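Down below is the structure, laid out as structure tokens.
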């Protein structure tokens, strides 16, 4: 994760639900009560970069008569709704049918960041399965989308006419079926990591196709 | 960011490298040996076959000075066999790469040893040769090829020119495309038939490449095996596979860190009161 990585910066700006553990004077405007004190126990959505700091740091106060009050952290945080139980259950059921982008544009980055802050062994396993099974689907779309199907179309030698052409049209139809309708919805639901993956897979296929077409010219 | 080119070789670079592979040609005209960086080419005498680098063979073919003998694996029967193996016999794995070149051991009939595995095979060979004439030939061979040299893929004759039927060499797609395009009339079958078989093979293997990723789903012993994958397929899928594995690594990073901490703790518990060589262990962990 680089300092200049725009995705890392945007991920850090994602908001997660936090609960204040202490009263803070004059911060009431965060909870739609301008001019008042922000009471402990009120729930506010804070960006990750801030929540992380506040959750790790503590007040450092020493309260002699009540030790439980001394030096507790400013806030506690929960998992954001994008990683909530509903989403995890849906991912367990069928990873391919969940539009991750609707949950968060930086779904995986957010999830890994959250897993660094708090331990979620189950979430990690579910995400891994999700990522891998969706990747296979992404690779399929990356190969089929744009230019109608495989790298070989349109370059049948004259001799191959009969068998080759019949096959190509069949594949064309198949790929169009895959991309239209459900395929488009799937591609719209990709998060940033998956988009990168799609792009790299598509670039590879495209470069191969260009090479194929150039063999003849040399 | 700074470099517009992705890591690894591009398709054009791979195709360029593939032109160093050896193919067999039947010359139509005499041609003296040419002194090239990679060694001398054999003298071309019309009825005799010779092995030339692909680029030179294509050049001669375009000038109608030679015909190219397509490698055995490009025969339609061989391609059909490979497709059958990839789809029916073992739908999970890629078909194996060609076996390394080997030669029968003269001292032990019925056994063979990898060629160039180590140099001692020549000793066996020499001992068993009683005939002085054959020994002369042997010495000639030794002069031509230093026994201590290990052949590397570009100059391995078994890779294309002598690759057996039923195996795909590393540069199969590039070489096949080049031969089909420029030497289509030298094919054992109509070029269209070979081309359509080749296209089927490409599709089968591309689908296999996609489904092979599912091996990464589980934790623990999950890996991707790319044995038998050709250079062009690697160039095409490198960015995708690297991105995929990197994503899996990032998702598992925190769980992995936890696991390591637990292991570390367990070891410390076991070594409690031990000799205190934890520092060196930590060095290893890094």
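Chains as they are written, first to last, in the working numbering: chain A, 1 to 218; chain B, 1 to 286.
The beta carbon of each residue, even a glycine, is placed where N, CA and C say it ideally should be.
None of these values were measured; they are calculated from a predicted model.
For residue 68(B), decide whether its Cβ has a neighbour in chain A, counting only Cβ atoms nearer than 7 angstroms.
With 7 angstroms as the cut-off, residue 68(B) does not count as an interface residue toward chain A.
Determine the DSSP secondary structure at residue 65(B), reduced to helix, strand or coil.
Reduced to three states, the DSSP call for residue 65(B) is coil.
Between which two residues does the alpha helix (DSSP H) carrying residue 205(B) extend?
Residues 191-211.
Under 7 angstroms between C-beta atoms, does residue 243(B) make it to chain A?
Yes, residue 243(B) lies at the interface with chain A (some Cβ there is under 7 angstroms from its Cβ).
Between residue 11(B) and residue 211(A), is the Cβ-Cβ spacing less than 7 angstroms?
Their beta carbons are under 7 angstroms apart, which means residue 11(B) touches residue 211(A) by this criterion.
Mapping the DSSP letters down to three states, classify residue 268(B) as helix, strand or coil.
Looking at residue 268(B) - three-state DSSP - the assignment turns out to be helix.
Any beta carbon from chain A within less than 7 angstroms of residue 236(B)'s own beta carbon?
Contact of residue 236(B) with chain A is assigned, a C-beta pair being separated by under 7 angstroms.
In chain A, which residues lie less than 9 angstroms from residue 77(B) when you measure between Cβ atoms?
Within chain A, no residue comes near residue 77(B); the closest Cβ sits about 17 angstroms away, beyond 9 angstroms.
Can you check which of these residues, 210(B), 235(B), 249(B), is closest to residue 203(A) by C-alpha distance?
It is 235(B) whose Cα lies nearest to the Cα of residue 203(A).
Between the C-alpha atoms of residue 168(B) and residue 203(B), what's the straight-line distance to the nearest angstrom?
Roughly 15 angstroms separates the two Cα atoms.
List the residues of chain A whose Cβ lies closer than 8 angstroms to the Cβ of residue 247(B), in chain order.
Simply 108, 131, 135, 193, 197.
For residue 184(A), go through chain B and note every residue whose CB falls closer than 7 angstroms to its CB, in chain order.
Here the premise fails: no neighbours, minimum Cβ distance about 19 angstroms.
What's the call for residue 2(A), buried or exposed, on a 16-neighbour Cβ count within 10 Å?
With fewer than 16 Cβ atoms within 10 Å of its Cβ, residue 2(A) is classed as exposed.
Give the secondary structure of residue 232(B) by DSSP, where H, G and I count as helix, E and B as strand, and everything else as coil.
Residue state, collapsed to three classes: helix.
I need the DSSP call for residue 85(A), collapsed to helix, strand or coil.
Secondary structure of residue 85(A) (DSSP, three-state): helix.
For residue 112(A) and residue 251(B), what's the separation of their Cα atoms in angstroms?
In a straight line, the C-alpha of residue 112(A) is about 6 angstroms away from that of residue 251(B).
Can you find a CB in chain B that lies within less than 7 angstroms of the CB of residue 211(A)?
Using a Cβ-Cβ cut-off of 7 angstroms, residue 211(A) counts as an interface residue toward chain B, since at least one Cβ of chain B sits closer than that to its own.
Compute the Euclidean distance between the alpha carbons of residue 34(A) and residue 43(A), then round it to the nearest angstrom.
Their backbone Cα atoms lie some 15 angstroms apart in a straight line.
Put residue 17(A) into one of helix, strand or coil per three-state DSSP.
In the structure shown, residue 17(A) sits in a strand (DSSP, three-state: E or B).
Inspect the CB distances between the stretch 83-98 of chain A and the stretch 17-30 of chain A and report whether three or more fall short of 8 angstroms.
Contact between the stretch 83-98 of chain A and the stretch 17-30 of chain A is absent, because fewer than three Cβ pairs lie under 8 angstroms.
For residue 13(B), collect the residues of the same chain with a Cβ closer than 6 angstroms to its Cβ; drop the 5 residues on either side in sequence, then sort them by chain order.
No residues qualify anywhere along the chain.
Alpha carbon to alpha carbon, how far is residue 185(A) from residue 104(A)? Give it in angstroms, no decimals.
When only Cα atoms are considered, residue 104(A) and residue 185(A) end up about 16 angstroms apart.
Beta-carbon within less than 7 angstroms of residue 142(A)'s beta-carbon, same chain only, minus the 5 sequence neighbours each way: which residues are those?
Closer than 7 angstroms at the Cβ level, and outside the excluded window around residue 142(A), lie 198, 201, 202, 205.
Which of the three DSSP states is assigned to residue 16(B) in this structure?
Three-state result, residue 16(B): helix.
According to DSSP, residues forming a beta bridge with residue 23(B)
In DSSP, residue 23(B) forms a bridge with 52(B).
Kindly list, in the order they appear in chain A, the residues whose Cβ is closer than 7 angstroms to that of residue 163(B).
Within chain A, no C-beta atom comes less than 7 angstroms from the C-beta of residue 163(B); the nearest is roughly 20 angstroms away.
Decide if the stretch 189-198 of chain A is in contact with the stretch 134-141 of chain A; the criterion is three or more beta carbon pairs, one per stretch, under 8 angstroms apart.
The stretch 134-141 of chain A and the stretch 189-198 of chain A touch, with three or more beta-carbon pairs separated by less than 8 angstroms.
Quick one: grab the DSSP three-state call for residue 214(A).
When DSSP states are grouped into helix, strand and coil, residue 214(A) belongs to the helix group.
Does the beta carbon of residue 213(B) come closer than 7 angstroms to any beta carbon on chain A?
Output row for residue 213(B): interface = yes.
Would you say residue 18(A) and residue 46(A) are within 7 angstroms of each other, going by their C-beta atoms?
Yes, the Cβ-Cβ distance between residue 18(A) and residue 46(A) is below 7 angstroms.
Please classify residue 84(A) as buried or exposed, where buried requires at least 16 other C-beta atoms within 10 Å of its C-beta.
Flag for residue 84(A) reads exposed.
Evaluate residue 24(B) with the Cβ neighbour count: other Cβ atoms within 10 Å of its Cβ, from every protein chain shown; 16 or more gives buried, anything less gives exposed.
Buried, since its Cβ has 16 or more Cβ neighbours within 10 Å.
Would residue 24(B) pass as an interface residue toward chain A - the criterion being a Cβ-Cβ separation below 7 angstroms?
So no, residue 24(B) is outside the interface.
Report the rounded CA-to-CA distance for residue 182(B) versus residue 191(B), giving the unit in angstroms.
Pairing residue 182(B) with residue 191(B), the inter-Cα distance amounts to about 11 angstroms.
Minimum Cβ-Cβ distance from residue 216(A) to chain B less than 7 angstroms:
By this cut-off, residue 216(A) is an interface position.
Which of the three DSSP states, helix, strand or coil, is assigned to residue 6(A)?
In the structure shown, residue 6(A) sits in a helix (DSSP, three-state: H, G or I).
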